[in-house]
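A short worksheet on the structure shown next.
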Amino acid sequence: METETLIVGAGPAGLATGACLRRAGRDFAIVDGANAVGSSWRRHYERLHLHTARSHSGLPHHPMPRDWPTYVPRERFVTYLEDYARTFEIAPRFGEKVTRAEPLDGKGWRVTTSSGEHQVRHLVVASGYNAVPHRPELPGQARFGGQIAHSSDFRNADPYCGKRVLVVGAGNTGAELALELSEKGASSVDLCIRSKIHVITRDALGLPTQVMAALTLWIPLPLRDMIFRGLMRMLVGNLTPLGIHAPSEGILAQIVRLGRIPLIDIGTIAAIREGRITARGDIKELTANGARFVDGSEGSYDTIVLATGFRPKLDAFLARASEVLDDRGYPRLRGRETELPGLYFVGFNLGEAGHLRQIAIEARSVAAAIARRAS
């Protein structure tokens, strides 16, 4: 492989960076260990829709069709990614996994893939958050007699019909899986809320909440957080009686500091209020047929679904990773050249106004930086 820039990952971030480099007239190649673009989106649960508005979720130089719904379903987004690759004549090298990448003293990068060893001037890592499912060991897990699955294995609620299910993790995935289970025949659904969380509505005052966030980026962060907290208190109400407690840190401040997205509610809170889903606190320990929680309550379950997220695992292939990653394993600098010359990360910043919008911003920035260095 002879190329100026190697992009790792053929998801939205990798394709967007490739398109921007194509527009800038720069040479590049994309490698991906999967067999198609957007592999993580193809594996997601069936009911998934974008949580961000179509108008603010298109990748650079190619907006989504205007007749598509405001919140695009997963399968249409995969179609969009396929069309995006065709439009910009991007042909990723599929089935080619990166096993090692090491800097060459400011002279580029040596990258080892399943096809061999390659030397490139620029390396763009766009492999995304969802590289490896995070499967924490729950206290007492060995004694639990039921099934334990990860949300990455969840496609739809059919296999859980008639079962007592505990969903662990109240992020957007956990909340949506609990909602689907409650709607599609699980005999009981409990949602384990392990820590304090912010809950927001997907729309506010007639606008997608993401669009409102984008329109208010000019306002200082503390003031924006005060506005959003007050607005969501009005729209969502007091959730403390349901066992849901909000952090003291603001909604947007948590996104900026921790990359922690609030729970974007599309019906889970109503299901909890109506008793179709039971909110639980953190788990103290698993028992032979269920779980005991920190508040002393207990529940019996046939299945536990871990909605505990993913990890990027960049240190699995990136040499000198400690120089560019924080203590959680995420890049410290994103959308521009890192502390190691010639290395860039795209797609690891969730963004205050939407992940895909942030990907578009970073892809343009990185492509422009590479073009400037080349000239």
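Just add 10 to the spot in the sequence shown (first one is 1) and you have our numbering. For glycine and all other residues, C-beta sits at the position ideal for the given N, C-alpha and C.
(message) Please tell me whether residue 180 and residue 273 are closer than 8 angstroms, where the distance is taken between their beta carbons.
(response) For the 8 angstroms CB-CB criterion, residue 180 and residue 273 form a contact.
(message) Using only CA atoms, which one of 378, 315, 254 and 340 lies nearest to residue 162?
(response) 315
(request) Could you tell me whether the stretch 145-157 touches the stretch 225-239, using the rule of 3 or more Cβ pairs below 8 angstroms? (result) no
(request) Identify, in the order they occur along the chain, each residue of the same chain with its Cβ nearer than 8 angstroms to the Cβ of residue 343, setting aside the five sequence neighbours on each side. (result) 334, 349 and 355
(request) Answer yes if the stretch 84-98 comes into contact with the stretch 42-57, meaning at least three C-beta pairs across the two stretches below 8 angstroms, and no otherwise. (result) yes
(request) Consult DSSP for residue 119 and reduce its assignment to one of helix, strand or coil. (result) strand
(request) For residue 29, count neighbouring Cβ atoms within 10 angstroms of its own Cβ and tell me buried if that reaches 16, exposed if not. (result) With a threshold of 16 other beta carbon atoms within 10 Å, residue 29 meets it and is buried.
(request) Give the DSSP-derived three-state secondary structure of residue 278 in the structure shown. (result) It is helical.
(request) Can you say whether residue 255 is buried or exposed, counting buried as having 16 or more other CB atoms within 10 angstroms of its CB? (result) For residue 255, the number of other beta carbons within 10 angstroms of its own is below 16, and it is reported as exposed.
(request) Compare the beta carbon distance of residue 201 and residue 167 with 8 angstroms and say whether it is the shorter of the two. (result) no
(message) Could you tell me the alpha carbon to alpha carbon distance between residue 243 and residue 129, rounded to whole angstroms?
(response) 53 angstroms
(request) Run through the stretch 78-108 for me and flag every whole alpha helix (DSSP H) of 4 or more residues, listed as ranges in chain order. (result) 84-97
(message) As a quick exercise: from 195, 306 and 279, pick the residue whose alpha carbon is nearest that of residue 291.
(response) 306
(request) With DSSP as the reference, please indicate the residues paired to residue 15 in a beta bridge. (result) Residue 15 pairs with 38 and 132.
(request) Could you check the C-alpha separation between residue 107 and residue 115 for me, to the nearest Å? (result) 24 angstroms
(message) Just to confirm my understanding: we take residue 43, look at its own chain, exclude 5 residues before and 5 after, and list those with CB closer than 6 angstroms. What are they?
(response) 107
(request) Could you check the C-alpha separation between residue 361 and residue 289 for me, to the nearest Å? (result) 28 angstroms
(message) Closest to residue 109 by C-alpha separation, out of 365, 345, 381 and 324, would be which residue?
(response) 324
(request) Could you tell me if residue 35 is buried or exposed, where buried requires 16 or more neighbouring beta carbons within 10 angstroms of its beta carbon? (result) exposed
(message) Considering only their Cβ atoms, is the gap separating residue 18 from residue 137 smaller than 8 angstroms?
(response) yes
(message) What residue range does the alpha helix (DSSP H) around residue 202 cover?
(response) Not the alpha helix (DSSP H): residue 202 falls in the beta strand (DSSP E), residues 198-202.
(request) Let me know the alpha helix (DSSP H) ranges lying completely inside the stretch 219-306, each 4 residues or longer, listed in chain order. (result) For the alpha helix (DSSP H) assignment, the uninterrupted runs of no fewer than 4 residues enclosed by the stretch 219-306 are, from N- to C-terminal side, 219-225, 231-246, 261-268 and 278-283.
(message) Can you tell me which residues form a DSSP beta bridge with residue 142?
(response) 321
(request) Identify which residue in 149, 64, 24 and 260 has its Cα closest to the Cα of residue 293. (result) Among 149, 64, 24 and 260, the Cα nearest to that of residue 293 belongs to 149.
(request) Sort 33, 339, 370 and 249 by Cα distance to residue 268 and report the nearest one. (result) Per the Cα distances, 339.
(request) Closer than 6 angstroms by C-beta to residue 257: which residues in its own chain qualify, once you throw out the five before and the five after it? Chain order, please. (result) 206
(message) Rounded to whole angstroms, what is the Cα-Cα separation between residue 112 and residue 260?
(response) 38 angstroms
(request) Determine the closest residue to residue 72 out of 370, 384, 383 and 380, with distance taken between C-alpha atoms. (result) 370
(request) Please work out which residues of its chain come closer than 6 angstroms, Cβ to Cβ, to residue 295, disregarding the five sequence neighbours upstream and downstream, and give them in chain order. (result) 149, 150 and 302
(request) Note down the Cα distance separating residue 100 from residue 134, rounded to an integer number of angstroms. (result) 15 angstroms
(message) Cutting at 7 angstroms between CB atoms, please list the residues of its own chain near residue 25, excluding the five before and the five after it.
(response) 47, 69, 91, 94, 95 and 100
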